[in-house]
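Number of protein chains: 2
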Amino acid sequence: MSSKQVSFLENLKKVLPDESVVQDELVLSENSRDFGQLSEMPINPIAVVFPTEAQQVQQLMQLATEFGMPVISRGAGTGVSGGVHVLGEAVILNLSRMNRILDIRPDDEIAVVEPGVINHDLNVAVAKFGLMYAPDPASYKMSTLGGNVATNAGGLRCAKYGVTRESVLSLDVVLADGRLIRVGKNTFKGVAGYDLTALFTGSEGTLGVVVRAVLRLRYLPVDERDVSLLFPSLEEAVHGVQLIAKARIQPAILELIDHATIQVLDKQYSTNLSASGGAMLLARLDGYGAAREEEAIREVFADRNVVLSSAGSSEATQLIEMRRTSRGDTKDDAYRTGEDVAIPKSKMVEYVHRLQAAAKQERVDLRMISHVGDGNLHPTFSVEPDDVGDPLARLHRAVESSVRIALEMGGTITGEHGVGLIKKDWLPWEQSADVLQLQRSIKSLLDPLNILNPGKAI
Amino acid sequence: MSSKQVSFLENLKKVLPDESVVQDELVLSENSRDFGQLSEMPINPIAVVFPTEAQQVQQLMQLATEFGMPVISRGAGTGVSGGVHVLGEAVILNLSRMNRILDIRPDDEIAVVEPGVINHDLNVAVAKFGLMYAPDPASYKMSTLGGNVATNAGGLRCAKYGVTRESVLSLDVVLADGRLIRVGKNTFKGVAGYDLTALFTGSEGTLGVVVRAVLRLRYLPVDERDVSLLFPSLEEAVHGVQLIAKARIQPAILELIDHATIQVLDKQYSTNLSASGGAMLLARLDGYGAAREEEAIREVFADRNVVLSSAGSSEATQLIEMRRTSRGDTKDDAYRTGEDVAIPKSKMVEYVHRLQAAAKQERVDLRMISHVGDGNLHPTFSVEPDDVGDPLARLHRAVESSVRIALEMGGTITGEHGVGLIKKDWLPWEQSADVLQLQRSIKSLLDPLNILNPGKAI
Ligand SMILES: Cc1cc2nc3c(=O)[nH]c(=O)nc-3n(C[C@H](O)[C@H](O)[C@H](O)COP(=O)(O)OP(=O)(O)OC[C@H]3O[C@@H](n4cnc5c(N)ncnc54)[C@H](O)[C@@H]3O)c2cc1C
Ligand SMILES: Cc1cc2nc3c(=O)[nH]c(=O)nc-3n(C[C@H](O)[C@H](O)[C@H](O)COP(=O)(O)OP(=O)(O)OC[C@H]3O[C@@H](n4cnc5c(N)ncnc54)[C@H](O)[C@@H]3O)c2cc1C
Numbered sequence: 003m004s005s006k007q008v009s010f011l012e013n014l015k016k017v018l019p020d021e022s023v024v025q026d027e028l029v030l031s032e033n034s035r036d037f038g039q040l041s042e043m044p045i046n047p048i049a050v051v052f053p054t055e056a057q058q059v060q061q062l063m064q065l066a067t068e069f070g071m072p073v074i075s076r077g078a079g080t081g082v083s084g085g086v087h088v089l090g091e092a093v094i095l096n097l098s099r100m101n102r103i104l105d106i107r108p109d110d111e112i113a114v115v116e117p118g119v120i121n122h123d124l125n126v127a128v129a130k131f132g133l134m135y136a137p138d139p140a141s142y143k144m145s146t147l148g149g150n151v152a153t154n155a156g157g158l159r160c161a162k163y164g165v166t167r168e169s170v171l172s173l174d175v176v177l178a179d180g181r182l183i184r185v186g187k188n189t190f191k192g193v194a195g196y197d198l199t200a201l202f203t204g205s206e207g208t209l210g211v212v213v214r215a216v217l218r219l220r221y222l223p224v225d226e227r228d229v230s231l232l233f234p235s236l237e238e239a240v241h242g243v244q245l246i247a248k249a250r251i252q253p254a255i256l257e258l259i260d261h262a263t264i265q266v267l268d269k270q271y272s273t274n275l276s277a278s279g280g281a282m283l284l285a286r287l288d289g290y291g292a293a294r295e296e297e298a299i300r301e302v303f304a305d306r307n308v309v310l311s312s313a314g315s316s317e318a319t320q321l322i323e324m325r326r327t328s329r330g331d332t333k334d335d336a337y338r339t340g341e342d343v344a345i346p347k348s349k350m351v352e353y354v355h356r357l358q359a360a361a362k363q364e365r366v367d368l369r370m371i372s373h374v375g376d377g378n379l380h381p382t383f384s385v386e387p388d389d390v391g392d393p394l395a396r397l398h399r400a401v402e403s404s405v406r407i408a409l410e411m412g413g414t415i416t417g418e419h420g421v422g423l424i425k426k427d428w429l430p431w432e433q434s435a436d437v438l439q440l441q442r443s444i445k446s447l448l449d450p451l452n453i454l455n456p457g458k459a460i
Numbered sequence: 003m004s005s006k007q008v009s010f011l012e013n014l015k016k017v018l019p020d021e022s023v024v025q026d027e028l029v030l031s032e033n034s035r036d037f038g039q040l041s042e043m044p045i046n047p048i049a050v051v052f053p054t055e056a057q058q059v060q061q062l063m064q065l066a067t068e069f070g071m072p073v074i075s076r077g078a079g080t081g082v083s084g085g086v087h088v089l090g091e092a093v094i095l096n097l098s099r100m101n102r103i104l105d106i107r108p109d110d111e112i113a114v115v116e117p118g119v120i121n122h123d124l125n126v127a128v129a130k131f132g133l134m135y136a137p138d139p140a141s142y143k144m145s146t147l148g149g150n151v152a153t154n155a156g157g158l159r160c161a162k163y164g165v166t167r168e169s170v171l172s173l174d175v176v177l178a179d180g181r182l183i184r185v186g187k188n189t190f191k192g193v194a195g196y197d198l199t200a201l202f203t204g205s206e207g208t209l210g211v212v213v214r215a216v217l218r219l220r221y222l223p224v225d226e227r228d229v230s231l232l233f234p235s236l237e238e239a240v241h242g243v244q245l246i247a248k249a250r251i252q253p254a255i256l257e258l259i260d261h262a263t264i265q266v267l268d269k270q271y272s273t274n275l276s277a278s279g280g281a282m283l284l285a286r287l288d289g290y291g292a293a294r295e296e297e298a299i300r301e302v303f304a305d306r307n308v309v310l311s312s313a314g315s316s317e318a319t320q321l322i323e324m325r326r327t328s329r330g331d332t333k334d335d336a337y338r339t340g341e342d343v344a345i346p347k348s349k350m351v352e353y354v355h356r357l358q359a360a361a362k363q364e365r366v367d368l369r370m371i372s373h374v375g376d377g378n379l380h381p382t383f384s385v386e387p388d389d390v391g392d393p394l395a396r397l398h399r400a401v402e403s404s405v406r407i408a409l410e411m412g413g414t415i416t417g418e419h420g421v422g423l424i425k426k427d428w429l430p431w432e433q434s435a436d437v438l439q440l441q442r443s444i445k446s447l448l449d450p451l452n453i454l455n456p457g458k459a460i
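Residue numbers (the numbering used here), protein chains in the order written: chain A, 3 to 460; chain B, 3 to 460.
The structure is reproduced here in structure tokens:
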């Protein structure tokens with residue numbers, strides 16, 4: 003450890019409680035990375051700091067500014083873009099102990115939370131009041147609301163209720179120099195000044211540390227109807243999404259799982275779904291219109307070669323639960339990469355075609371799971387480690403193709419997972435030099451010493 | 003005209019077509035202000051520039067940078083915060099001739115527009131495809147989409163479909179120095195880099211000129227049911243909003259009009275509504291659940307002292323149409339001021355009480371019309387010009403009270419109209435010095451010479 007690092011930690015320990023500055027090797031290594039699969043191995047941070055209140059975060063940032071010490075904010079580390087990976091000298095600011103629900107105001111339909119609250123825990127707490135917090139990444143039982151805000155997380159219910167940004171009303175943010183600011187408002191509408199709340203939302207810990215959030219809640223729907231639709235092929239399933247939209251049905255959830263993923267579910271849950279079809283749509287209809295929307299879906303697909311779950315059965319609900327809680331492949335190993343493009347809706351069928359062609363050409367395995375109602379696709383590519391002909395190079399080329407094709411079709415390199423480290427090289431494929439420059443200058447404005455999660459996101 | 007101004011205009015006329023630089027007195031004066039009621043009289047701009055393409059906007063901004071010439075972007079001038087008021091040397095950049103709908107992509111559910119397209123015109127064009135552009139300020143037949151974006155306009159349908167921000171996917175923006183950048187994405191989801199689209203949305207022409215927007219559309223609802231509810235008092239009407247929410251009903255539109263406003267409608271449309279009650283809620287239920295939501299509303303208010311429009315009648319629909327197209331009092335004269343606070347939902351009844359008390363104390367007339375489903379209230383205060391005891395001072399005090407009380411209750415000074423010039427003095431009541439400073443530094447970053455709508459919004 004350098005003398006700067008020693009001196010920084012000494013100073014830190016003077017101001018923070020003993021138990022909040024941890025240097026245990028195991029804790030350091032557990033906090034050195036997230037679920038993102040990165041070729042470069044992470045190193046250990048010099049310490050992991052576990053604040054229990056905002057003031058401690060301020061004290062940390064004051065010292066970090068004084069010493070020029072990089073600080074990486076961390077929620078649960080479920081990110082899949084390497085957003086919390088440690089590649090150089092850094093302290094991890096682990097916010098998991100700031101996990102109090104500070105206030106639930108049912109009649110205002112808002113909750114006030116610390117950043118370390120787990121998404122699911124908030125939903126359990128507000129359900130008592132007949133309310134829900136809508137954005138539900140598939141990691142909802144693990145990931146923190148602070149992490150959700152910092153990545154502008156999507157989720158299953160976002161098809162109808164919008165992504166995290168649409169539910170964030172106000173944030174308390176500790177700036178790089180330790181100042182604490184409050185941005186946004188407590189009301190659903192409000193346009194006083196620039197939209198700084200949206201600026202911090204999705205900024206992946208590079209502009210400030212979120213230490214408190216005012217979140218919009220919604221009343222739980224009066225009714226929910228789940229339908230599964232088994233299509234002969236992936237293309238037909240994707241086309242089904244268009245048919246549902248044209249029937250003016252707005253599902254709360256509309257997920258796609260392909261044949262290979264169905265097989266994984268079969269294995270995991272001892273089901274036998276893969277026997278009967280190619281790809282599946284899982285739809286949840288909710289609210290006062292749920293029953294009529296279910297009927298409408300059944301009408302749309304009545305004369306088509308589609309197998310629907312029978313009305314009133316719990317089949318589709320179980321499948322959605324599997325999809326929601328399934329870890330799937332997200333903990334990527336070195337021979338598997340999951341992507342996160344979003345595509346204009348009309349192009350999805352063509353995209354799937356070209357994706358399949360690219361996978362075939364590079365002889366890589368392809369499967370797909372998608373928040374397809376929003377055009378957000380998660381293809382996963384994999385190769386056999388002992389295969390001939392440089393499998394990793396082929397994997398890499400297939401992944402790059404998937405991203406290039408998405409961009410050619412007017413899509414984006416990341417629908418919800420964020421840029422982190424993993425997608426940084428692709429950002430210039432999507433955004434112009436001027437836009438990148440503007441983002442860098444906003445970063446410099448807020449973090450002139452480049453100590454907040456340096457090297458990530460932009 | 004100063005020699006700088008003469009030389010600036012000479013240079014401008016060299017690069018722009020003749021008809022696009024106008025110095026006609028009438029045009030100058032028409033373009034010197036918006037609907038906002040300001041004590042200081044606006045002056046004429048030195049010219050009004052009417053570009054027909056983005057490149058001309060770039061040329062204008064290049065020259066403006068060279069000469070340090072202030073430029074005020076203008077849509078239709080329907081703003082009510084003095085956002086386009088000319089108080090010093092300035093050119094008006096009038097975008098009304100850049101009014102082409104560039105593309106409608108029904109299967110992507112998006113439209114690409116120039117900034118001068120009138121909100122309603124887009125809705126007419128996309129209705130052919132069964133689609134709508136949801137955010138509908140009451141000025142929708144006059145205001146431009148560029149102006150809507152620049153103010154992050156709200157509207158009637160925003161209760162269910164969100165404000166303008168939620169429908170803006172991508173923007174082309176000409177920066178102060180004339181560079182053209184494209185921010186955002188063509189897809190519903192996307193988190194690549196910082197949310198610059200949200201930063202420009204609502205920035206009231208102070209950070210850049212919007213020259214093209216990609217807007218999200220939605221399918222038109224399959225069904226619409228309108229209900230009017232007449233309550234004995236304003237407080238009971240406001241309380242009714244809570245009851246509707248608790249029944250988990252999500253109206254597309256939920257507007258409040260008070261007794262005085264009902265009387266105005268009576269006069270304007272020769273109706274006789276005011277005879278029968280105190281205040282009115284107007285609700286539109288839409289989508290597959292419309293009929294069931296209408297039933298649910300009728301159940302909620304069945305045993306209460308509320309008069310509902312009879313089922314199947316067109317009464318409520320006509321009232322909503324009146325509310326939507328009524329100019330109301332928005333063209334304020336000097337003895338009348340309309341406000342635009344938003345309040346946490348649970349506090350609305352108390353707010354109305356205190357507002358009435360404040361109006362009574364200052365002996366000013368109070369009425370109210372509201373996007374109440376979102377907690378966004380528009381009280382209007384007025385005095386008789388020839389009244390004794392300095393009516394204008396009393397008017398001023400009542401307005402300030404309304405804003406201070408809103409802030410005390412955790413509300414905001416502006417729900418949707420923006421800060422413009424009129425609310426600038428109140429911004430420090432709501433936001434801390436650090437937040438104001440941060441906004442100013444973002445402004446300096448993007449507009450170092452302070453030539454984009456200087457003195458407005460922040
Ligand atoms: C099984 C699984 C399913 C998933 N499903 C989805 C999904 O459906 N949708 C989706 O969007 N994502 C999904 N993800 C990705 C991930 O869960 C989300 O990105 C989530 O929001 C990360 O939350 P976290 O608490 O784990 O944050 P972390 O991984 O700890 O951090 C993520 C980023 O946020 C920053 N950060 C964290 N907390 C703060 C804070 N308080 N202040 C400032 N910056 C902070 C970090 O620096 C980092 O850049 C999934 C991941 C897994 C493993
Ligand atoms: C009868 C009436 C009803 C109204 N109802 C509502 C309502 O329900 N909800 C609501 O939110 N507002 C409402 N308003 C206010 C107003 O209509 C909105 O603010 C509207 O969005 C302004 O659009 P505009 O084209 O008239 O913009 P303008 O008034 O011309 O400009 C407004 C602001 O945007 C900037 N601007 C305009 N175009 C551009 C551009 N292309 N690039 C950059 N900056 C630009 C201007 O500089 C100015 O700061 C109402 C006004 C009236 C008169």
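Where a beta carbon is used, it is the ideal one built from N, C-alpha and C, also for glycine.
The structure displayed is predicted, hence computed values, not measured ones.
Specify, as a first and last residue, the run of the alpha helix (DSSP H) that residue i falls within.
i              : result
V1 (chain A)   : Outside the modelled stretch of chain A, which goes from 3 to 460, sits residue 1 (chain A), for which no answer is possible.
N96 (chain A)  : From DSSP, N96 (chain A) is part of no alpha helix (DSSP H) but of the beta strand (DSSP E) over 93-96.
R294 (chain B) : 292-302
V51 (chain B)  : Run containing V51 (chain B): none in the alpha helix (DSSP H); it sits in the beta strand (DSSP E), 49-51.
R399 (chain A) : 393-410
V29 (chain B)  : 27-32
Mark residue i as exposed unless 16 or more other C-beta atoms lie within 10 angstroms of its C-beta, in which case mark it buried.
i              : result
V165 (chain B) : buried
A200 (chain A) : buried
T332 (chain A) : Caution is warranted here: a pLDDT of 46 is assigned to T332 (chain A), below 50, making its placement in the model unreliable, and the coordinate value is therefore given only provisionally. Under this definition T332 (chain A) is a buried residue.
M43 (chain B)  : exposed
G195 (chain A) : buried
A459 (chain B) : buried
L28 (chain A)  : exposed
E12 (chain A)  : exposed
M3 (chain A)   : exposed
Please tell me whether residue i and residue j are closer than 8 Å, where the distance is taken between their beta carbons.
i              : j              : result
S276 (chain B) : Q265 (chain B) : yes
M282 (chain A) : A239 (chain A) : yes
R250 (chain B) : V224 (chain A) : yes
G85 (chain B)  : G457 (chain B) : no
Taking 8 Å as the threshold (beta carbon to beta carbon), is residue i in contact with chain E?
i              : result
L429 (chain A) : Note that chain E does not occur in the displayed structure, where the protein chains are A and B.
Ligand 2 and residue i: does the residue's C-beta get closer than 7 Å to at least one heavy atom of that ligand?
i              : result
N455 (chain B) : yes
A78 (chain B)  : yes
D110 (chain A) : no
Along the chain, where does the beta strand (DSSP E) that runs through residue i open and close?
i              : result
F383 (chain A) : 378-384
E323 (chain A) : Run containing E323 (chain A): none in the beta strand (DSSP E); it sits in the alpha helix (DSSP H), 317-327.
Pairing CB atoms from the stretch 213-232 of chain A with CB atoms from the stretch 174-190 of chain A, are three or more of them under 8 Å? yes
At least 3 beta-carbon pairs within less than 8 Å: the stretch 156-163 of chain A vs the stretch 370-378 of chain A: yes
At a cut of 8 Å, does the stretch 332-350 of chain A reach the stretch 384-395 of chain A through at least three beta carbon pairs? yes
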